[in-house]
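S.K.: Residue numbers (the working numbering), protein chains in the order written: chain A, 16 to 372; chain B, 12 to 85.
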């Protein structure tokens, strides 16, 4: 068994590991969905270890790593001279995983044109290298990973439906760490033991305050972030006792900043209006930056901009001149900005009121 | 909201975890934009803990008052 697997008390995770043991020996494609850092690759590895393929290679590749043109040669390989710089023939990841398991992470990042080619490979169970003419038979179990809702992408037309069904024969959804807090003590102990062992030290006692802080943090980076936190502790703790002071500022102070902004914003009405508006804006940004993680940067920025403008306009009861002063921009600039992010702005209160009439 | 209130609000937020370990953190003095805080208990004197708390308190405060500086005192 993989030493990376820690089975805690969380029933959902227990069910997932039982399911992994059940479907591991099969050949059907598996789609693993979960936020960043929830352990998609760990699960793919566990599926491989539970299969008769375990003596053969486990190959993991992130589809987000390669430019559109490179991903094809990365997955399928190329013959000598297939393109400028292809000085030698090179087998792709499919060939290298022959007989074993291929984990395609960030499958949602595969461009549409490439999705057709991937579908054909999965259907025919053969690959053709770039610039090649031979169809090379391959025997690979494919596990795909994604942090996005592929079904939604199918609806939006950015992911091919036929490929979706080909990949999603079996599916697994990994819960974020904040939804399985009961597993935190075991996971923390596992990582701390490992990182202290690297320093050739036994695991020191862990204080109640540390456990309290771990439990009250939201872990946006999930298990990977917890692993990072534990590594940090093991690297910097020298007193023989893991206490609150060993934790990083990000874990301890995560909610402090936005709470402080809220407090400043709601206290002292009328005093320091512009400082308050800036604090409001900052609070809105902290929320939104986490709120639209899957969108492209430009759209995220527009949505965040719309939120800030809407919040300030609400405060000034729709008065754009006052709002512009609070935002520290010219009245005309505010007009331009409103036009720019109009599609993300809530309907104007006056418009809503007239609809009601 | 005064600066002292803000510092207290930030300290209050991390106090439960520190108290659970038998420690505490308190505002000692405010001199203009310099905030003096003292860490007590088992973590006092640990360079790693002083660093975490200084950075944490300071960055939380600076979101609202950019000029503030936190200095730990013994």
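Glycine included, every Cβ here is placed at the ideal spot set by N, Cα and C.
Among residues of its own chain, excluding the 5 on either side of residue 219(A), which ones have a beta-carbon nearer than 6 Å to its beta-carbon?
M.R.: Position 204 of the first chain, counted from the first residue, corresponds to residue 219(A). Cβ within range, chain order: 255, 256, 257.
S.K.: Would you say the stretch 92-105 of chain A touches the stretch 143-159 of chain A, given that touching needs at least three Cβ pairs under 8 Å?
M.R.: As far as the Cβ criterion goes, the stretch 92-105 of chain A touches the stretch 143-159 of chain A, which means the pair count is three or higher.
S.K.: If distances are taken between C-alpha atoms only, which option among 185(A), 227(A), 70(A), 316(A) comes closest to residue 157(A)?
M.R.: For the purposes of this step, residue 157(A) is identified with residue 142 of the first chain, where counting begins at 1. Ranking the options by Cα distance to residue 157(A), first place goes to 185(A).
S.K.: For the stretch 19-38 of chain B, enumerate the residues whose C-beta is nearer than 8 Å to any C-beta of chain A, in chain order.
M.R.: If the cut-off is 8 Å between Cβ atoms, the stretch 19-38 of chain B has 20, 21, 24, 25, 27, 28, 29, 30, 31, 32, 34 near chain A.
S.K.: Kindly identify the DSSP beta-bridge partner or partners of residue 47(B).
M.R.: As a position in the second chain, residue 47(B) is number 36, starting the count at 1. In DSSP, residue 47(B) forms a bridge with 40(B), 82(B).
S.K.: Using the DSSP secondary-structure output, state which residues sit across from residue 118(A) in a beta bridge.
M.R.: Start at 1 with the first residue of the first chain, and residue 118(A) comes out as number 103. The partner list for residue 118(A) (beta bridge, DSSP) reads 75(A), 158(A).
S.K.: Using Cβ-Cβ distances below 7 Å, what residues of the stretch 50-63 of chain B are close to chain A?
M.R.: Flagged, chain order: 53, 54, 57, 59, 60, 63.
S.K.: Would you tell me roughly how many angstroms separate the C-alpha atoms of residue 228(A) and residue 194(A), rounded to the nearest one?
M.R.: Counted from its first residue, the first chain places residue 228(A) at position 213. Counted from its first residue, the first chain places residue 194(A) at position 179. Near 16 Å, if we compare the C-alpha coordinates of residue 194(A) and residue 228(A).
S.K.: Alpha carbon to alpha carbon, how far is residue 277(A) from residue 296(A)? Give it in angstroms, no decimals.
M.R.: Stepping through the first chain from its first residue, residue 296(A) is reached at position 281. Stepping through the first chain from its first residue, residue 277(A) is reached at position 262. Unreliable placement is indicated for residue 296(A), whose pLDDT of 45 sits below 50; no coordinate value is reported for it.
S.K.: For the candidate residues 356(A), 192(A), 343(A), 261(A), whose alpha-carbon lies nearest to that of residue 60(B)?
M.R.: As a position in the second chain, residue 60(B) is number 49, starting the count at 1. Of the candidates 356(A), 192(A), 343(A), 261(A), the one whose C-alpha sits nearest the C-alpha of residue 60(B) is 261(A).
S.K.: Measuring CB to CB, does residue 140(A) end up less than 9 Å from residue 154(A)?
M.R.: Residue numbering aside, residue 140(A) sits at position 125 when the first chain is read from its first letter. Residue numbering aside, residue 154(A) sits at position 139 when the first chain is read from its first letter. Yes. Within cutoff.
S.K.: So that I know if they touch, is there some Cβ in chain A lying closer than 9 Å to that of residue 74(B)?
M.R.: In the second chain, the residue the question calls residue 74(B) occupies position 63. Yes, because at least one Cβ of chain A sits closer than 9 Å to the Cβ of residue 74(B).
S.K.: State the start and end residues of the unbroken beta strand (DSSP E) segment that holds residue 47(A).
M.R.: Residue mapping note: residue 47(A) aligns to position 32 of the first chain, counting from 1. Per DSSP, residue 47(A) belongs to the beta strand (DSSP E) from 45-48.
S.K.: Can you tell me the Cα-Cα spacing of residue 51(A) and residue 43(B), whole angstroms?
M.R.: Here residue 51(A) corresponds to residue number 36 of the first chain, with the count starting at 1. Here residue 43(B) corresponds to residue number 32 of the second chain, with the count starting at 1. The straight-line gap from Cα to Cα measures roughly 43 Å.
S.K.: Would residue 18(B) be called buried (16 or more neighbouring beta carbons within 10 Å of its own) or exposed?
M.R.: Here residue 18(B) refers to the residue found at position 7 of the second chain. Buried: at least 16 other Cβ atoms inside 10 Å.
S.K.: Taking the alpha carbon of residue 110(A) as the reference point, which residue from 73(A), 78(A), 55(A), 79(A) has its own alpha carbon closest?
M.R.: Looking up residue 110(A) in the first chain gives position 95. Among 73(A), 78(A), 55(A), 79(A), the Cα nearest to that of residue 110(A) is on 73(A).
S.K.: Count the other CB atoms, across all protein chains shown, that sit within 10 Å of the CB of residue 42(A); report buried if there are 16 or more and exposed otherwise.
M.R.: What you label residue 42(A) is simply residue 27 of the first chain in a count that begins at 1. Looking at its Cβ environment, which holds fewer than 16 other Cβ atoms inside 10 Å, residue 42(A) is exposed.
S.K.: Give the secondary structure of residue 353(A) by DSSP, where H, G and I count as helix, E and B as strand, and everything else as coil.
M.R.: As a first step, residue 353(A) must be located in the first chain, where it is residue number 338. Correct three-state label for residue 353(A): helix.
S.K.: Just how far apart, CA to CA, sit residue 265(A) and residue 67(B)?
M.R.: Numbered from its first residue, the first chain carries residue 265(A) at position 250. Numbered from its first residue, the second chain carries residue 67(B) at position 56. So the alpha carbons of these two residues sit roughly 7 Å apart.
S.K.: Determine whether the Cβ of residue 259(A) lies closer than 9 Å to any Cβ atom of chain B.
M.R.: Along the first chain, one-based indexing puts residue 259(A) at 244. So, interface residue.
S.K.: For residue 13(B), count neighbouring C-beta atoms within 10 Å of its own C-beta (all shown protein chains included) and say buried if the count is 16 or more, exposed if not.
M.R.: Position 2 of the second chain, counted from the start, is the residue given in the question as residue 13(B). Looking at its Cβ environment, which holds fewer than 16 other Cβ atoms inside 10 Å, residue 13(B) is exposed.
S.K.: Within 10 angstroms of the Cβ of residue 170(A), are there 16 or more other Cβ atoms? Answer buried if so, exposed if not.
M.R.: In the first chain, counting from the first residue as 1, residue 170(A) sits at position 155. It is exposed - the Cβ of residue 170(A) has fewer than 16 other Cβ atoms within 10 Å.
S.K.: List the residues of chain B that residue 274(A) touches, going by C-beta distances under 7 Å, in chain order.
M.R.: For the purposes of this step, residue 274(A) is identified with residue 259 of the first chain, where counting begins at 1. Those are 24, listed as they occur along chain B.
S.K.: Using a C-beta to C-beta distance shorter than 8 Å, which residues of chain B count as neighbours of residue 268(A)?
M.R.: Walking along the first chain from the start, residue 268(A) turns up at place 253. Correct list: 21, 24, 25, 67, 68, 70, 71.
S.K.: Hey, would you say residue 259(A) sits closer than 9 Å to residue 71(B), going by beta carbons?
M.R.: Locating residue 259(A) in the first chain gives position 244, counting from the first residue. Locating residue 71(B) in the second chain gives position 60, counting from the first residue. No, the pair does not count as a contact, with Cβ atoms beyond the cut-off.
S.K.: Can you check whether the CB of residue 107(A) is closer than 9 Å to the CB of residue 89(A)?
M.R.: As a working note, residue 89(A) is residue 74 in the first chain. As a working note, residue 107(A) is residue 92 in the first chain. Yes, these two residues count as a Cβ contact at 9 Å.
S.K.: Grouping DSSP H, G and I as helix and E and B as strand, with all else coil, what is residue 333(A)?
M.R.: Numbered from 1 along the first chain, position 318 holds the residue referred to as residue 333(A). It is coil, neither helix nor strand.
S.K.: For the ligand HEM, I want to know if residue 337(A) counts as a neighbour, meaning its beta carbon is within less than 8 Å of at least one of the ligand's heavy atoms.
M.R.: Because no ligand of any kind appears in the structure shown, any question about the ligand HEM cannot be addressed here.
S.K.: Looking at chain B, is there any beta carbon in it that lies within less than 9 Å of the beta carbon of residue 299(A)?
M.R.: Taking the first chain and counting its residues from 1, one reaches residue 299(A) at position 284. Note that residue 299(A) has pLDDT 43, beneath the 50 cutoff, so the model's placement of it is unreliable and no number is given.
S.K.: Taking C-beta pairs closer than 7 Å, name the residues in chain B that residue 262(A) reaches, listed in chain order.
M.R.: Along the first chain, read from residue 1 onward, the residue named residue 262(A) stands at position 247. Simply 63.
S.K.: Output yes if chain B places a C-beta closer than 9 Å to the C-beta of residue 223(A); else output no.
M.R.: On the first chain, position 208 is the one that residue 223(A) refers to. It does; some Cβ of chain B falls within 9 Å.
S.K.: Buried or exposed for residue 84(B), please, with buried defined as at least 16 other CB atoms from any protein chain shown within 10 angstroms of its CB.
M.R.: For this step, residue 84(B) is matched to residue 73 along the second chain. Residue 84(B) comes out exposed.
S.K.: From 230(A), 54(A), 246(A), 321(A), pick the residue whose C-alpha is nearest to that of residue 269(A); which is it?
M.R.: As a first step, residue 269(A) must be located in the first chain, where it is residue number 254. Nearest C-alpha to residue 269(A): 230(A).
S.K.: Between residue 228(A) and chain B, is any beta-carbon pair separated by less than 9 Å?
M.R.: For this step, residue 228(A) is matched to residue 213 along the first chain. Judged by the 9 Å Cβ criterion, residue 228(A) is in contact with chain B.
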